[in-house]
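If you read the sequences in order, they're chains A and B.
Residue numbering for the first sequence follows the numbering used here, starting at 100 and increasing by one per position.
Residue numbering for the second sequence follows the numbering used here, starting at 5 and increasing by one per position.
From the three backbone atoms N, C-alpha and C, an ideal C-beta is built for every residue, glycine too.
The block underneath contains the structure these notes are about, expressed in structure tokens.
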Amino acid sequence: MNENHPAYLHQILTRRRFLTRTSAGLGLAALATLFDTPAQGGAVGPVKVPGVLGQTHLAPKAKNVIYLFMAGGPSHVDLFDHKPKLREMHGKEMPKSVLGDQRVTLMTRNQGHFKAAATPFKFLKHGKSGAEMVEVLPHLGRVADDLCIVRSLHTEPINHDPAVTFMQTGRPQPGLPCFGSWVSYGLGSETKELPAFVVMISGPFDQPTPSRYYHSGFLPSQHQGVQFLPGKDPVLYLSNPDGMPHEVRGDTIEAINELNKLRHARVRDPEIEARINSFELAFRMQTSVPELMDVSRESAKVMDLYGAEVKTPGSFARNCLLARRLVQRGVRFVQLFHRGWDAHGDVAGNIKRQAQAIDQPAAALIQDLKARGLLDETLVVWGGEFGRTAYGQGNLSGGFGRDHHPRCFTMWMAGGGIKAGTTYGATDEFGYNIASNQVHVNDLHATLLHLLGVDHKRLTYRFGGRDFRLTDVAGNVIKELLA
Amino acid sequence: MHRPSAFVLLGLGVFLGVGGAVHAEPGAPSAPAKQKPIDFSREIRPLLAENCFACHGPDEKTRKGKLRLDLREEALKPGRSGDPALVPGKSVQSAVIKRIFTSDDTEVMPPHKSNKTLKPHEKELLKRWVDEGAEYRIHWAFVPPVKVAPPKVQTQGWARNEIDAFILARLEKAGLKPSPEAERATLIRRLSFDLRGLPPTLQEVQTFLNDQSPDAYEKLVDRMLASPHYGEKMATLWLDLARFGDTSGYHFDSTRQMWLWRDYVIQAYNKNKPFDQFTIEQLAGDLLPGATTEQKVASGFNRNTRFNEEGGADPEEFVIRYNVDRTNTLGQVWLGMTLQCAECHSHKYDPISQKEYYQLYAYFTGIREPMVSMNHNQPLPPLLRVATPAQEKALAEAKADIQALEKRIQTELAKIQYQEPPAAPTPMIKPPEDIVWIDDDTPAGAQLQGDGAGWQWGQAPQQPVQSGKRSMKRTGPGLHQHYFTGAQKPLLIRSAADRLFAYVYLDPKNPPKAVMLQFNDGNWEHRAYWGEDVCFLAGSADAANHRKMGPLPRTGEWVRLEVSPEKVGLKPGTPLNGWAFTQHGGTVYYDRAGIRSVPPDDRYLHSQRAWEERDRGNPTLPGEVRAALNVAAPKRTEAQKTLLRNHYLRHVHAGSRGIFEPLEKQIAENTRKIKDLDAAMPTVMVSEEMPQRRPAFVLHRGDFQQRGEKVEPGTPGIFPPLPKDAPANRLSLARWLVSPDHPLTARVTVNRLWAQMLGTGIVKTVGDFGTQGDMPSHPELLDFLATEFIARKWDVKAMLRLIALSATYRQSSGFGEKIPEIDPDNRLLWRAPRFRLTAEEVRDNALAVSGLLTRKVGGPSVMPYQPPTFYQGKNESWKWEQSKGEDLYRRGLYTFWRRTSLHPMFAVFDAPSREECTAARPRTNTPLQALVTLNDPTFVEASRVFAQKILQQGPSDLEGRLVFAFQTTVARKPSALEVQVLRKHYQTLRERYQKDPKGATAVVRVGQYVAAPELNPAEHAAWMGIANVLLNLDETIMRE
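So this is what it looks like as structure tokens:
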């Protein structure tokens, strides 16, 4: 239709109130997406997905991920990997046969001793599975039978930045898409109101968490993790300027899109239609994001479940609650970074403080998801970029710490398709080397993708003359972790 | 040494031609009857490399059965079993094919123990290849381009230059017609973005629209190329390749200063520095004979690598990473190849072995640089200081002042009549005396510090006092101290017989374990302790930095502690500027401290002869004065005599020194000014070659701990060799890249220029010309442009001009009634491309349209508006010190580039982090982008200021204003319908804001730019709404 044709004008002007109409019942619209999509928990074959794959390679066991990234490197020997031998050897040099010739960082290479250091805490057994955890994790103890604890993770880099990058992207150098971006790219978004990949950060600052850690690398930028912040602008640039009410913004976007339609009639570039869509989505986000962040309608029971800290915006507890609200609305991948695990000094104080912050909220998240039937279709992953040394850093008679340890560490998973109530893999009696069933980061990624219905070798992107994938050139699905 | 690789021998020597650039024919109907000929480089070579070369490749040591398959002539020879490995055209007779198809487990290739298997379709492919002749073709990009004459075309009158002949011939072959020429308004806006990264001003648009001369367009192109903003656009593109950032990346992402290098790039493009020269200066400017400051600055290119300062990072690992990054960058930027695969293993697809990779890498291992650092925000030498014009002027002034003062001093000296006094009496031997430095107070200038409460002075009778009115008290558990540094007048150690002293009083009820005195002569490595060895926990038990003096002093009384300077490593002549009192536990009072010293003989102040005797051999005197003193008095020249006399009168003689002191003071002030100016000068990290480069090794799997063979610098054998006499350094490497017979540099560079002007390269994968990259859409055109580029002496502006003048470039970008099925992606260029502006351009456009843009070229990076919450959760210790005034409105290329957390507006619009070289940016379209242009204060403020401009500079009627606003934004005039939509929106807004004056006042306040007070807020707010609409149009952020 020629743009000068009177009918054309009529057509675009009758659409004028489209935006304000749809924005009225957004909360419901957002929830509706959940019911439109077939639950994937019980799928028996590949299912259709809105991402580049079109349909999953395999029957997915889960459709969303909540990844609790413990930044800084939590100490496995003080949390999940009980080593009585360290008590026995406390203060004595670690045997050379255990240390081997592995790298240590320059921080402890020069201290001249590698003295075994026992945890100051007691370990307790929990549930039917008898999973062992440190005494300062009582709430997680109560959900032990929902967890699959893997004690035999290992990674390659020994410094934070390359190690976090490795855990996020499968390679220590920057430039590759992270896990969440791959999932967003491959499986697409189940919601039109929110980004497919959301990031929230909590915890005391000890190591930077730059936006590169949740970047899409060479994948298109819509697969970047979008950081949600506590406060007035949960998403950057979400709020209109002062003096511009919501209706004016609606009118503005309508005017923009009407003019864009006129241009489209002339140049017929399909990109213009995509632009019109983007503006409509942006407008919807202005309602859906504040609605998401507003927890005032959560029941007291739910709030109590997450603990007192849930009332503090920006806390790990609040972020866990928001993570549940996000997957409820169809957000594919939620990643929470909780900082502060880098215990070079005073590991005892560190563990107490960190455990206090994460124990109840993480356990609550599992219970809350379970109560709503969401745990079956959500993968919950907990872990850092590496573990910490069995030997002490600094003087053992004082508040000693532990150094970085990529050779073995513990992670746990729960939810869709995960074999609950199991502990997999083991380290030697010092918690220094893997004794059995090692799981490389690439294996972990392969396994998690498998649970999402994705063959990790077939989710690729051609860049710079090569097909890239999250698992680089390695990765095996660890069948023993699957339900 | 450059032995041509087997592959080259093969490609050039045996096969008599070059693998044609058999490009994917867009939309060419598939011919099921006739299969596409097999492409050796893409389909066969990788299979052979992966499955066969380990035992049948170039490595003699691992070769099995004397068979090599990487050389065609070798593979055609009869093998041990009689059958040749390959029989061209006859797969049945070829041993290779038989062995890969056999079902005999002991015979099958590749053998089971190799853990390699060929898939059925791969076997079929190899078979077909043998049947088709088993030809080994060299990949097109490795053969130097040859100038091709433009093809003949049927359509007459369309083509304007050679480019068009290539494009049109291809279109005709596909049965397509080019699009008509774009409107003039579109052309000027297109040119302006492609060559300056900015929109044209309304005045520029009108000038062009009104220019009826036949060469109006040509003149416009020349104006654009001559604009100082041209260099900014070109630099923005180069910065992605050169991985330029204002921070070091990695863990803490500290700041660094590199903007002088960016300024160099802008100026180099503005001056149209030939690209070969530019290349040499970027990679090796420092190595050019007599390198200028500019060339040294240029060599900062190599220092744009990231730098790690994570605690505990292994220096060796990271210095390797820096050089790996340089190698990969070289590959992307000049060779258009992704070399990084070869970092870990020989390249599977492209003929670059792992060893060749590390030979390229070895060129960079001589670059001087820190390896790792555990400190944040520290400069990373070597640095070059470069004065700004203002600094240059101030420096010249200070130097002139010093000269004038020197002249006055000379005049004064000439006036003095000095008379040597009669022989001075033998000096009296004076007894040593205490020179007190600390008593009741510290010396002037002392900067006091200390543990706990710091310096605690007290008086009698509350505490014992040895001398004067006060003493210092220190008490507490463990190791603690108080101290100062920075005393203006130093405490001089005159002779080895001097004794440093201090009085201490140890509380008998609470004695310490130890007391310690510590002296600072620039460092604190001079310690003397009494009592237990608990004050210093490193170093050997008894040394100058840790000297055991004896048992703890008696308690309950004042004890004088004395230290011989020699025992704590202090030589005569050493000035001290600081002192520390340290103890372990207990309560200690300290009083009167200083040095016991023999008073000096002061005859030299009155007698030149006495001075000469005294100061002969004094190392602190200027060299010539020292030399003159060493000559016996009668043998001195007149000049030496004058020199000594003048020095004495000016600096030493008690009777005349006073005349010169004020002048000396002024000289000192100017000298300090020069020093301060030097310190304030911007610095830039530059390349500098160490005398000995770090050894380079092949690293197994790229792991720095797994060293293989040691390698020397060298270029890959697939390329033409270096000149025989070329030294093995970066300069040779850079010159090699731009030698006219290099097959890639010119092609890769013109391809990028093409992508700049036409949205996509002739080779779509601009950073990958290897076998895995896309084939060129117009191979002959690419070679034409490459040879033209070399023939025109690497003249970048000339190439851009050639493209801009073509009819191809001038086409309309409209999609027309029907998108041709044969080429939906427009690879054949049946229309001009229409694509989104870059992040920087989206920003610059809004600022330029509104009139806010600062058009200053060059200078340090700036910090425009960034959400204050942006660093929350990332790194709270990073500071974003928002710029002020005109610096808020500078072009995006000057925005501070924090590599691990890029400004969100840039990140959302696809700008790369620049942690590594980026050859091309994606162009996405997302809701988050819409939120930026709708709500980012930069854009909101631009709307407000644009509204003000409309009201102040536009016509006075509504329609006129709407047309003015529209045309200012997108250069063309609006249609009647467009005006109608805008008018309606304006009326809605004005009504609303008239009813809501508070809202109107609030909205016109966004941003720092001061609004014109006379504007009616409701009117201003309504127009701001219109401006907001215009700045958010698809067309506004597109280049059409």
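- Between L264/B and V688/B, the gap from beta carbon to beta carbon is short of 8 Å.
- Among the residues of the stretch 394-409 of chain A, none has a Cβ less than 7 Å away from any Cβ of chain B.
- For F296/A, the uninterrupted beta strand (DSSP E) segment begins and ends at 296-301.
- Going by DSSP, N163/A is part of no alpha helix (DSSP H) but of the beta strand (DSSP E) stretching over 163-169.
- DSSP places D537/B outside both helix and strand once states are collapsed to three, so it counts as coil.
- With contacts defined by Cβ atoms closer than 8 Å, L581/A and K518/A form a contacting pair.
- Boundaries of the beta strand (DSSP E) around D595/B: 591-601.
- Remark: C-beta atoms of F723/B and A145/B do not approach each other more closely than 8 Å.
- The DSSP-derived three-state label of R438/A is coil.
- H255/B reaches chain A at N258, H259, D260, Q306, P307, counting residues in chain order whose Cβ is nearer than 8 Å.
- Secondary-structure assignment with DSSP links Q815/B through a beta bridge to E185/B.
- Taking C-alpha positions only, V96/B is separated from G520/A by approximately 59 Å.
- Annotated three-state conformation of A525/A is strand, per DSSP.
- Taking I442/B as the centre and dropping the five residues before and after it, the same chain places the C-beta of A597 closer than 6 Å to its C-beta, in chain order.
- In the structure shown, the three-state DSSP call for K195/A is helix.
- Counting along the chain, Q358/B sits inside the alpha helix (DSSP H) bounded by residues 358-366.
- At a cut-off of 8 Å between C-beta atoms, L938/B counts as an interface residue with respect to chain A.
- Judged by DSSP secondary structure, H1024/B falls within the alpha helix (DSSP H) whose first and last residues are 1021-1035.
- Nearest C-alpha to M761/B among K181/B, H143/B, L229/B, F105/B: L229/B.
- In the DSSP assignment, the residues bridged to P579/B are L496/B.
- Annotated as proximal: V1008/B and H1024/B, with beta-carbon spacing under 8 Å.
- In the DSSP annotation of this structure, the continuous segment of the beta strand (DSSP E) that includes M510/A starts and ends at 508-514.
- Neighbours of P828/B in chain A, taken as residues whose beta carbon is under 7 Å from its own, are absent, since the nearest beta carbon is some 10 Å off.
- With distances taken between CA atoms, A573/A lies nearest to T268/A out of R202/A, T268/A, S310/A.
- Residues D177, V233, E234, V235, A447, I450 of the same chain have their beta carbon placed closer than 8 Å to that of F220/A, with the five preceding and five following residues left out of the count.
- Between E920/B and G274/A, the CB-CB gap stays under 8 Å.
- Annotation for E78/B: R72 place their beta carbon closer than 7 Å to its own, counting only its chain and skipping 5 residues before and after.
- At a Cβ-Cβ threshold of 8 Å, F485/A and I457/A do not count as neighbours.
- Listed in chain order, the positions of the stretch 1008-1033 of chain B with a beta carbon within less than 8 Å of a beta carbon of chain A are V1008, R1009, V1010, A1025, G1029, N1032, V1033.
- With a threshold of 16 other beta carbon atoms within 10 Å, E692/B meets it and is buried.
- Judged by DSSP secondary structure, W562/B falls within the beta strand (DSSP E) whose first and last residues are 562-567.
- If you check the CB distance, T207/A and Q492/A come in under 8 Å.
- For E716/B, the three-state secondary structure derived from DSSP is coil.
- Proximity of T204/A to chain B, defined by a Cβ-Cβ separation below 8 Å, is satisfied.
- With its beta carbon less than 8 Å from one in chain A, Q933/B belongs to the interface.
- Counting C-beta atoms within 10 angstroms of its own C-beta, G61/B has 16 or more neighbours from the protein chains shown and is therefore classed as buried.
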